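Visitor: Using the UniProt record's numbering, the first residue of the sequence shown is number 1, and each one after it goes up by one. Quick one: structure below, then a few questions.
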Amino acid sequence: MTTGRPEKSSFIVLVTGEIEKAVFPEVNSIYCKYNYVYGPDWKFISGVEEGLSPSCERGHQSSHIAINTPIDATFSSTNPFRWPQLIISCYGHDMFGNDVIRGYGATFIPTAPGRSQRTVAMFVPQASTATQRILSFFTGRRAEFVDSRIVSMSQGREITRVSSQGLITVTFNVVLKDIKKYGYDVSPATISRISEFPLPHFEEKRPPKAVQIPEPSPVDEQKDEQEKPEEIVEEPVQDEVQEVNEDSS
1 MTTGRPEKSS FIVLVTGEIE KAVFPEVNSI YCKYNYVYGP DWKFISGVEE GLSPSCERGH
61 QSSHIAINTP IDATFSSTNP FRWPQLIISC YGHDMFGNDV IRGYGATFIP TAPGRSQRTV
121 AMFVPQASTA TQRILSFFTG RRAEFVDSRI VSMSQGREIT RVSSQGLITV TFNVVLKDIK
181 KYGYDVSPAT ISRISEFPLP HFEEKRPPKA VQIPEPSPVD EQKDEQEKPE EIVEEPVQDE
241 VQEVNEDSS
């Protein structure tokens with residue numbers, strides 16, 4: 001008996017976790033913005049697609065800044081191409097009180113289900129000239145990307161100079177659903193075993209290879225001639241028969 005429900009046509013990726021902490025040696029106070037970047041085959045179903053953390057400060061006897069900002073997102077897709085990435089942008093105040101960029105970073109959402117931790121390297125773009133670098137220091141208008149999503153792409157960053165600023169630790173809890181129905185096995189416990197949904201085996205029929213007979217070289221021909229046995233030619237005995245006839249006469 002059929003219930004009339006349509007068959008599922010996509011797999012689901014559920015992500016929870018938090019942006020845990022940051023390590024910036026030259027910064028004492030930051031706040032973070034985050035968003036997601038994904039391919040055209042992906043859809044954002046539920047959760048928080050963009051978020052902002054509160055302003056966080058470093059402790060007196062601590063080397064890191066606690067952020068503890070939760071993340072929650074659910075995606076669906078039929079193709080793993082351009083798997084979702086988490087984009088993080090950190091801002092803070094400089095010595096003149098200007099709100100400036102402190103770092104950009106990006107990391108892929110883990111493809112394996114379960115709990116995992118990622119350390120994201122943060123960087124900022126550098127001014128193209130020394131004059132612009134000095135002016136941006138006093139005016140607070142430092143070089144930054146117009147769109148933070150560019151850090152997840154390779155196009156348009158060939159000549160961009162950046163400098164490292166710090167690290168951010170992110171904790172992920174990932175749940176995958178119906179992904180094996182599309183022939184993908186990402187679970188560490190079963191990835192070494194035979195898949196539950198194996199793909200059909202196609203045997204490619206190839207035509208028989210033609211056997212090529214090598215042509216004899218001049219050296220081989222000379223060897224063959226030398227190895228041939230000499231033919232013994234018997235001379236006719238007509239002269240001896242004539243001499244015998246003359247004696248008898």
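C-beta: ideal position from N, C-alpha, C; glycine also. All values derive from a computational prediction rather than experimental measurement.
Less than 8 Å between the C-beta atoms of Gln165 and Val124, yes or no?
Guide: yes
Visitor: Output needed for Val162: all residues of its chain with C-beta closer than 7 Å, excluding positions within five of it in sequence on either side, in chain order.
Guide: Phe123, Val124, Pro125 and Gln126
Visitor: Just to confirm before moving on: does the CB-CB distance between Val13 and Phe75 stay below 8 Å?
Guide: It is a contact, given that the beta carbons lie within the stated cut-off.
Visitor: What number of angstroms, rounded off, separates the C-alpha of Arg115 from the C-alpha of Ile134?
Guide: 44 Å
Visitor: With DSSP as the reference, please indicate the residues paired to Arg115 in a beta bridge.
Guide: Asn173
Visitor: Following the continuous beta strand (DSSP E) through Asp72, name the residue where it begins and the one where it ends.
Guide: Ile65 to Ser77
Visitor: Using CA coordinates, which residue listed in Glu18, Pro84 and Leu52 is at the minimum distance from Trp42?
Guide: Pro84
Visitor: In whole angstroms, what is the alpha-carbon distance linking Arg71 and Ser46?
Guide: Residue identity differs from the one stated: residue 71 is Ile in this sequence, not Arg. If I take the Cα positions, the gap works out to 12 Å.
Visitor: Quick test of the definition: if touching needs 3 or more C-beta pairs under 8 Å, does the segment 53-63 touch the segment 97-107?
Guide: no
Visitor: What is the DSSP secondary structure of Gly4, counted as helix, strand or coil?
Guide: Here the model assigns Gly4 a pLDDT of 47, short of 50, so the residue's position is not dependable, and the following value carries that caveat. Gly4 falls in the coil class under three-state DSSP.
Visitor: According to DSSP, which residues form a beta bridge with Val120?
Guide: Looking at the DSSP assignment, Val120 forms a beta bridge with Ile168.
Visitor: Report yes if the C-beta distance between Gly39 and Phe81 is below 8 Å; otherwise report no.
Guide: yes
Visitor: When burial is assigned at 16 or more other CB atoms within 10 Å of the CB, is Gly4 buried or exposed?
Guide: Below a pLDDT of 50, predicted positions are generally treated as unreliable, and Gly4, at 47, falls in that range; no measurement from the model is reported.
Visitor: Check the C-beta distance from Ala73 over to Ile87 and give it rounded, since I have them as a contact under 8 Å.
Guide: Going by Cβ atoms, the distance from Ala73 to Ile87 rounds to 12 Å, so no, they are not a contact pair.
Visitor: Round the Cβ separation of Pro110 and Val174 to the nearest angstrom and send it over; I've been treating them as touching at under 8 Å.
Guide: 5 Å
Visitor: Just mark Thr69 as buried or exposed, buried being the case when its beta carbon has 16 or more other beta carbons within 10 Å.
Guide: Classification of Thr69: buried, given that the 10 Å Cβ count is 16 or more.
Visitor: Can you give me the start and stop residues for the beta strand (DSSP E) that Gln85 sits inside?
Guide: Gln85 to His93
Visitor: Look at the alpha carbon of Lys177 and the alpha carbon of Pro113, and state the distance between them as a whole number of angstroms.
Guide: 10 Å
Visitor: Under a three-way DSSP split, which group does Gly17 fall into?
Guide: strand
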